[in-house]
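In case it helps, UniProt numbering puts the sequence shown at residues 1 to 200. Glycine is no exception: its CB is placed at the ideal position from the N, C-alpha and C atoms. Written out below as structure tokens is the structure these notes cover.
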Amino acid sequence: MHKYLILDSSGKPLMRGTMRQALHGGVCRMELEHEEDAEKLVPGELFQLMGIRDGNFAEVRFLRGRGESAEFEMVRMLDSGIRQNLRIPVRFESFLYPISGSWKGRAAIVSRDLSCGGIAFLSEKQLKVGEICEIVIPVTTEPLVLKLKILRAGEAGEDGIPYAAEFQEMVHEEESMVREAVFGLQLELDRVSADTLPSF
Numbered sequence: 001m002h003k004y005l006i007l008d009s010s011g012k013p014l015m016r017g018t019m020r021q022a023l024h025g026g027v028c029r030m031e032l033e034h035e036e037d038a039e040k041l042v043p044g045e046l047f048q049l050m051g052i053r054d055g056n057f058a059e060v061r062f063l064r065g066r067g068e069s070a071e072f073e074m075v076r077m078l079d080s081g082i083r084q085n086l087r088i089p090v091r092f093e094s095f096l097y098p099i100s101g102s103w104k105g106r107a108a109i110v111s112r113d114l115s116c117g118g119i120a121f122l123s124e125k126q127l128k129v130g131e132i133c134e135i136v137i138p139v140t141t142e143p144l145v146l147k148l149k150i151l152r153a154g155e156a157g158e159d160g161i162p163y164a165a166e167f168q169e170m171v172h173e174e175e176s177m178v179r180e181a182v183f184g185l186q187l188e189l190d191r192v193s194a195d196t197l198p199s200f
């Protein structure tokens, strides 16, 4: 089975589903995660499908749905680079370990957001732009140790120094695990936001 994320036309994650075959041209049938998800899909409207494991990314048109089944028509393949830029606000505590830096030991960090391509975090450790470190990512199905490169450093504040970093040399399985975690967190955020809306 192939897992996919369904996004609206602006790129906001809506729901998950599975297909027996990988995304292809023509009409694709998908089993949605929840039966009520079909109510969010309007026939004729454009959506985006993204493979959680394979990273395939396409624009599709919703044709029809019944129960947990939905049918989409392929419109065109999309630039997979878009998924790298979807940043999800998420807070977790973790550690950095030096690879290219002159320091030793480990440095505590607190994440600010996570994407398929990198992470923003706070740390009291002084790091240099271009420095290579390893980081433990605890929000994936199994904790991952990933290599990253420091891209930017901000002004130090009460909570530490803000950094932006890009993941380096990721293998396919690591990319898949981070992608699944990022989109799962986004869907969870949306669900929590919807549940906390005032009722009238």
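Check, Outcome
"Specify the secondary structure class of Asp8 as computed by DSSP and reduced to three states.", "coil"
"Can you pull the DSSP bridge partners for Cys28?", "Phe72"
"Hey, could you find the ends of the beta strand (DSSP E) Asp113 is sitting in?", "Ala107 to Leu114"
"Using DSSP with H/G/I as helix, E/B as strand and the rest coil, what is His2?", "strand"
"Hey, how far is the Cα of Glu180 from the Cα of Gly55?", "10 Å"
"Keeping to the same chain, check which residues put their C-beta closer than 7 Å to that of Met177; ignore five residues upstream and five downstream.", "Thr140, Thr141 and Leu144"
"When the Cβ atoms of the segment 145-154 are set against those of the segment 112-128, are three or more pairs found closer than 8 Å?", "yes"
"Using DSSP's beta-bridge definition, name the partner residues of Lys149.", "Ile132 and Glu166"
"Would you say Met50 and Tyr4 are within 8 Å of each other, going by their C-beta atoms?", "yes"
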